[in-house]
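Residue numbers (our numbering), protein chains in the order written: chain A, 136 to 326; chain B, 51 to 282.
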């Protein structure tokens, strides 16, 4: 059990997916203008990422390894992720139209979130078991959500700040992210 | 025709640069830019995938219906990424290890899917392939520039370990700043964000200067013509 908690903490703080491993930067920059958007994106990503890391583990162990076609893993995983995103969208539409209304627009974007494919590949490279994979995916998603919401809050404040002309827009966002990343480097060696 | 190609190049390299303006493909850009050799390796792979995916997408654009467009394009891109991955494993294994998962993650580089959906489905194969090449070069130039800046500030050297990409380049390493004690910050993740932010600011600054000089030029011309009218 303590091992699983260490996996979680390591994925959320020490090796944060966005700020330390550079995965999922497109939604990090793209959907962090408002806190509401950031929260919606985080919730949708958490759901898909956890599910995707479990399913891709199963596909790898019980389909690709027995058939000896592990070199096809990139293609297999992207198909799994796209199918899962589609499945989630249909499921949400049928069971909870309200949730679909709130999170629906974020779902198609998750297919091209490199954190989802990245977690699947990192799980395989690290040789994680099924439970470890699920926890790693969940931790990665929590780390992504934490940073995305914090960053959205910072950017809302930043809109009111007097930024020098050339630095306005994405440039100051990058520099803010650099400072956040510097803060997260402080967790190095925690686990 | 020629004008069309020039405008594609201009768009891809400056006005609509995938890395600087559209901010697509940020993950590999920031993650693999700690040294020139990594940046160059990823730049080559990404450009190759872009050219071939644009070409194939454009060739089959009349056969693919709108409903299945995205999955088909993603599969085409994923196939070329797998090719690039296998080629790199065969010919530059240590480079493959050093870039790590960002080779398979070329699949999720939105710049590639973006070009397929916005450009290749509407244009003929050769133009699409050319657009892929130019977009690849636009992305690569920023990637390599960022790699060079971070390597220079981080270690004081340039082109270290180039032999893992090109076997004949074993003595290309140049020490630009002798007795430089190194600046780890530039090589760590925060450095990547900071240098990228600076590059974006520089782009804004240059654009502003260009726009200013154009308006100044126009104003001067207006003044001159008014002056000529008054004189006559």
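Yeah, the Cβ is synthetic: ideal placement off N, Cα and C, and Gly gets one too. Just so it is clear, the structure is predicted and the values come from calculations on it, not from any experiment.
Mark residue i as exposed unless 16 or more other C-beta atoms lie within 10 angstroms of its C-beta, in which case mark it buried.
| i | result |
| --- | --- |
| residue 253/B | buried |
| residue 201/A | exposed |
| residue 186/B | buried |
| residue 118/B | exposed |
| residue 190/A | buried |
| residue 56/B | exposed |
| residue 305/A | buried |
| residue 207/B | buried |
| residue 280/A | buried |
| residue 218/B | exposed |
| residue 156/A | buried |
| residue 236/B | buried |
| residue 272/A | buried |
| residue 312/A | buried |
| residue 136/A | exposed |
| residue 263/B | exposed |
| residue 192/A | buried |
Answer yes or no: do residue i and residue j have a C-beta to C-beta separation smaller than 8 angstroms?
| i | j | result |
| --- | --- | --- |
| residue 161/A | residue 248/A | yes |
| residue 227/A | residue 240/B | no |
| residue 274/A | residue 147/A | yes |
| residue 95/B | residue 188/B | no |
| residue 199/A | residue 218/A | no |
| residue 242/A | residue 181/A | no |
| residue 301/A | residue 258/B | yes |
| residue 307/A | residue 293/A | yes |
| residue 167/A | residue 265/A | no |
| residue 153/B | residue 134/B | yes |
| residue 276/B | residue 242/B | no |
| residue 209/B | residue 222/B | yes |
| residue 282/A | residue 170/A | no |
| residue 180/B | residue 58/B | yes |
| residue 291/A | residue 142/A | no |
| residue 315/A | residue 154/A | yes |
| residue 79/B | residue 163/B | no |
| residue 76/B | residue 164/A | yes |
| residue 197/B | residue 85/B | yes |
If you drop the 5 nearest sequence neighbours on each side, which residues of the same chain put their C-beta closer than 7 angstroms to that of residue i?
| i | result |
| --- | --- |
| residue 149/B | 82, 88, 91, 92 |
| residue 331/A | With chain A represented from 136 up to 326, any question about residue 331/A goes unanswered, as that position is not in the structure. |
| residue 158/A | 152, 249, 250, 253 |
| residue 183/A | 219, 220, 223, 245, 251 |
| residue 108/B | 170, 173, 174, 175, 178 |
| residue 131/B | 99, 154, 156, 157 |
| residue 288/A | 170 |
| residue 138/B | 95, 145, 146, 153 |
| residue 215/B | 87, 90, 91, 142, 145 |
| residue 322/A | 148, 149 |
Can you tell me which residues form a DSSP beta bridge with residue i?
| i | result |
| --- | --- |
| residue 208/B | 224/B |
By Cβ distance, which residues of its chain are closer than 6 angstroms to residue i, with the 5 residues on each side in sequence left out?
| i | result |
| --- | --- |
| residue 111/B | 171 |
| residue 114/B | 122 |
| residue 139/A | 270 |
| residue 195/B | none |
| residue 182/B | 100, 101, 104 |
| residue 205/B | 232 |
| residue 230/B | 206 |
| residue 184/B | 58, 59, 62 |
| residue 240/A | none |
Is there at least one non-hydrogen atom of the ligand SAM closer than 7 angstroms to the beta-carbon of residue i?
| i | result |
| --- | --- |
| residue 262/B | As for the ligand SAM, it is missing from this structure, which has no ligand bound. |
Below 8 angstroms CB to CB, which residues in the same chain sit around residue i once its five sequence neighbours on both sides are set aside?
| i | result |
| --- | --- |
| residue 238/A | 175, 178, 179, 227 |
| residue 166/B | 103, 104, 107, 123, 126, 127 |
| residue 225/B | 206, 207 |
| residue 220/B | 212, 213 |
inquiry  = Would the stretch 197–210 of chain A count as touching the stretch 289–298 of chain A if we require 3 or more Cβ pairs under 8 angstroms?
reply    = no
key: the stretch 180–200 of chain A in contact with the stretch 251–271 of chain A per 3-pair CB rule at 8 angstroms   = yes
ask   = Do three or more CB pairs link the stretch 240–250 of chain B to the stretch 68–87 of chain B at distances below 8 angstroms?
value = yes
query = Does the stretch 155–175 of chain B come close enough to the stretch 92–109 of chain B that 3 or more CB-CB pairs lie under 8 angstroms?
reply = yes
message = Quick check: the stretch 139–146 of chain B against the stretch 230–250 of chain A, are at least 3 beta-carbon pairs closer than 8 angstroms?
response = no
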